[in-house]
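Asks: Quick one: structure below, then a few questions.
Protein chains: 2
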Amino acid sequence: MDKLFSTTEKYLRELQGTICNSLEEIDGKQFLTDNWKRKEGGGGVTKVIVNGNIFEKGGVNFSSVHGMMSEDVAKQLHTSPQNFAACGLSIILHPFSPRIPTIHMNLRCFSLEKGKIWFGGGIDLTPYYPLLEDFKHFHKILKDACNSVVENSYKTYKKNCDEYFYIKHRHEMRGIGGIFFDYLDGNEINLRLAKSVGDCFLNSYMPIVEKRKDEKYSPGDKKFQLVRRGRYVEFNLIYDRGTLFGLKTEGNIESILISLPTEVNYIYNYLPRPNSPHSVMMKYYQPANWI
Amino acid sequence: MDKLFSTTEKYLRELQGTICNSLEEIDGKQFLTDNWKRKEGGGGVTKVIVNGNIFEKGGVNFSSVHGMMSEDVAKQLHTSPQNFAACGLSIILHPFSPRIPTIHMNLRCFSLEKGKIWFGGGIDLTPYYPLLEDFKHFHKILKDACNSVVENSYKTYKKNCDEYFYIKHRHEMRGIGGIFFDYLDGNEINLRLAKSVGDCFLNSYMPIVEKRKDEKYSPGDKKFQLVRRGRYVEFNLIYDRGTLFGLKTEGNIESILISLPTEVNYIYNYLPRPNSPHSVMMKYYQPANWI
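Written as structure tokens, this is what we have:
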């Protein structure tokens, strides 16, 4: 196996542990662990938290699979069916409190028998309350993580993210973006970039959780969050390539749909009260410079 | 304008009124009315009920639009862009009580400048509790409505429906089916069929609402309903051609997504308790002969 791939795999496996430890410490509830094997080769470790003290639903899922790719996968990768190996770490956390944003991270490495190897991934934030200092903090950490490895790369990956997490029919983003990259050549620099992104996850998110976890919120705040969670579902089920690909290739449904929050509302013609914090928040679901 | 089309349009417009009157009578709450015009030609009347006594969310939407079709529409219809006229009545009702099923009906007529005209539509039921006599009643009414116009047609349209409202990644149906047809030649017989289906809507559903509306239910019944509503959303956002087409062609989002119930739950690894009514109900989300 390619050394770059195995280094990444080891890194992601360890990162899963580190991140789960931190999340368990702040939440006070343990993750459930589900080890699974893939018939065709490989497997993974699904870590799930449900009804914690802070997190209503969350998953930190590591997988490393290999074998012969299906026609479907080959088609999506614009190549011919061949042996492949893929490892990844996927995180999604839906807190109860609308003061704490939902966060999503994905890091993956894909290696083809015929020599090609690449990285993909990103982190993005979906807040429900206009706490601008948190948004700035989040983007600042991501910027440093990217630019410390590849000069000016944050700008590109931020733009990718703004474009990817866009709910076209609503003309708005799922959240306030972050970074997103794909098909990054499998070389040492990009491995460092992937690690830098993985390493910054806790710094980007935990200070926000720490700061907001005991803040009071109103029923109106909760309602806005439940409606925005509906938009999150709309994005994931209509546009998210990973979700649709997973479902259509008979992946593990529960692991894939861990991204959907427990409680969701679809309210006809919902409009936040003018001049409310929620109506202010609506403006931030558009691409913006946060730093 | 084609006489068949204008007859259908008039029929659907009147049917909207008849159905809304019956629903208002049983619910006790009035529908909100939203008249809208389409810039390119035509318009519609959206009737919405929110937080009624029986219905948590529902829409009875009539539309009649015309003009030059877009490239997208032409492509979907396997034809070249040309003038068209389309009228339709769309109904979706999500009751609060898990003892009352969600119901959906759609009837539409499409007419092309170059001469072709056809009908499409159907009715399907999504129950949340195994009340088999209700399922039988529903299918019996549909069967009579179809077969009284075209011998043996129920069998075909029921099969279409079982195939269409299938959640492929779950290997289960959205509900217990009903009937579904499309591209039915615009002739007098099929107009009679469409009318027969429209006319049977109230008979297929109202006796169930009447019988179940005061029945008590448990928190477990409600939870099962909220989870199944999640499946309803999965189907509508991933597979439903009308929903996706509407969203991608910049239709009125609120009217299109009136099909999504207000309160929805996505529970990780949810499994109904063995031998519970809900676990029994799960078996019925597969194609079956109800009569």
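These protein sequences, in sequence, are chains A and B.
Just so you know, the numbering used here puts 249 at position 249 of the first sequence, and the rest follows in order with no gaps.
Just so you know, the numbering used here puts 285 at position 285 of the second sequence, and the rest follows in order with no gaps.
Built from N, CA and C at the ideal position, the CB exists for glycine as well.
What is the DSSP secondary structure of H311(A), counted as helix, strand or coil?
Replies: Not covered by the structure: residue 311(A). The range shown for chain A is 1 to 291.
Asks: I need the DSSP call for Y166(A), collapsed to helix, strand or coil.
Replies: strand
Asks: Apart from the five residues on each side of it in sequence, which residues of its chain come closer than 6 Å, Cβ to Cβ, to K216(A)?
Replies: none
Asks: Would DSSP call H171(B) helix, strand or coil?
Replies: coil
Asks: Using a Cβ-Cβ cutoff of 7 Å, what residues of the region 42-54 of chain B are near chain A? List them in chain order.
Replies: Those would be V48, V50, in chain order.
Asks: Please classify R174(A) as buried or exposed, where buried requires at least 16 other C-beta atoms within 10 Å of its C-beta.
Replies: With 16 or more other Cβ atoms within 10 Å, it is buried.
Asks: Output the distance between the C-alpha atoms of V73(B) and P81(B), rounded to the nearest integer angstrom.
Replies: 8 Å
Asks: In the structure shown, what three-state DSSP assignment does K314(B) receive?
Replies: In the structure displayed, chain B extends from 1 to 291; residue 314(B) sits before or after that span and is not available.
Asks: With 16 as the cutoff for other CB atoms within 10 Å, does Y183(A) come out buried or exposed?
Replies: With fewer than 16 neighbouring CB atoms inside 10 Å of its own CB, Y183(A) falls in the exposed class.
Asks: At a Cβ cut of 8 Å, what residues of the region 244-260 of chain B count as close to chain A, listed as they run along the chain?
Replies: L244, L247, K248, E250, I253, E254, L257, I258, L260
Asks: Find out if the Cβ-Cβ distance for the pair V48(B), Y270(A) is shorter than 7 Å.
Replies: no
Asks: Are the C-beta of H169(A) and some C-beta of chain B separated by less than 7 Å?
Replies: It does: the Cβ of H169(A) has a partner Cβ on chain B nearer than 7 Å.
Asks: Check the DSSP bridge columns for P95(B) and list the partner residues they point to.
Replies: F55(B)
Asks: Using alpha carbons as the reference points, say which of N147(B), N51(B), Y266(B) lies closest to G230(B).
Replies: Y266(B)
Asks: Check the DSSP bridge columns for H66(B) and list the partner residues they point to.
Replies: A85(B)
Asks: Have a look at I54(B) and V227(A) and give me their C-alpha separation to the nearest angstrom.
Replies: 22 Å
Asks: Can you list, in chain order, the residues of its chain whose CB lies under 6 Å from that of H278(B), leaving out five sequence neighbours each side?
Replies: F224, P272
Asks: Three or more C-beta pairs under 8 Å: does that hold for the region 247-254 of chain B against the region 96-116 of chain B?
Replies: no
Asks: Can you tell me whether DSSP reads Y183(A) as helix, strand or coil?
Replies: strand
Asks: May I ask which residues mark the beginning and end of the alpha helix (DSSP H) holding E234(B)?
Replies: 219-238
Asks: Using CA coordinates, which residue listed in S63(A), V264(A), I189(A), S218(A) is at the minimum distance from K37(A)?
Replies: S63(A)
Asks: Run down chain A in chain order and give the residues with a C-beta less than 7 Å from the C-beta of E263(B).
Replies: N265
Asks: Would you mind giving the Cβ-Cβ distance between E56(B) and H94(B), rounded to the nearest angstrom? I have them listed as a contact below 8 Å.
Replies: 5 Å
Asks: Between E24(B) and V60(B), what straight-line distance do the alpha-carbon atoms span, to the nearest angstrom?
Replies: When the Cα atoms are used, E24(B) and V60(B) turn out to be separated by approximately 12 Å.
Asks: Chain A beta carbons: is any one of them nearer than 7 Å to that of N35(B)?
Replies: no
Asks: How about H104(A) and A85(A): do their beta carbons lie closer than 7 Å?
Replies: The answer is no: Cβ separation not under 7 Å.
Asks: Name the residue from T46(A), N203(A), I167(A), T156(A) whose alpha carbon lies nearest to the alpha carbon of Y239(A).
Replies: I167(A)
Asks: Roughly how many whole angstroms lie between the Cα atoms of Y284(A) and K158(A)?
Replies: Cα to Cα, Y284(A) sits roughly 15 Å from K158(A).
Asks: Give me the Cα-Cα distance between P98(A) and V233(B), rounded to the nearest whole angstrom.
Replies: Going by the C-alpha atoms only, they are around 23 Å apart.
Asks: Between which two residues does the beta strand (DSSP E) harbouring G44(B) extend?
Replies: 42-50 is the extent of the beta strand (DSSP E) around G44(B).
Asks: Just the Cα atoms here: how many angstroms apart are D2(A) and G88(A)?
Replies: 15 Å
Asks: Which residues mark the beginning and the end of the alpha helix (DSSP H) in which I123(A) is found?
Replies: Note, I123(A): premise wrong, no alpha helix (DSSP H); beta strand (DSSP E) at 117-126.
Asks: Could you give the residue range of the alpha helix (DSSP H) that holds E24(A)?
Replies: 3-27
Asks: So, is the C-beta of I141(A) closer than 7 Å to a C-beta in chain B?
Replies: no
Asks: Under 8 Å, CB to CB, which of the residues in the region 216-242 of chain A have a partner in chain B?
Replies: G230, V233, E234, L237, I238
Asks: Below 8 Å on the Cβ atoms is my contact criterion, and I expect I208(B) with H137(B) to pass it. Report the Cβ-Cβ distance as a whole number of Å.
Replies: 7 Å
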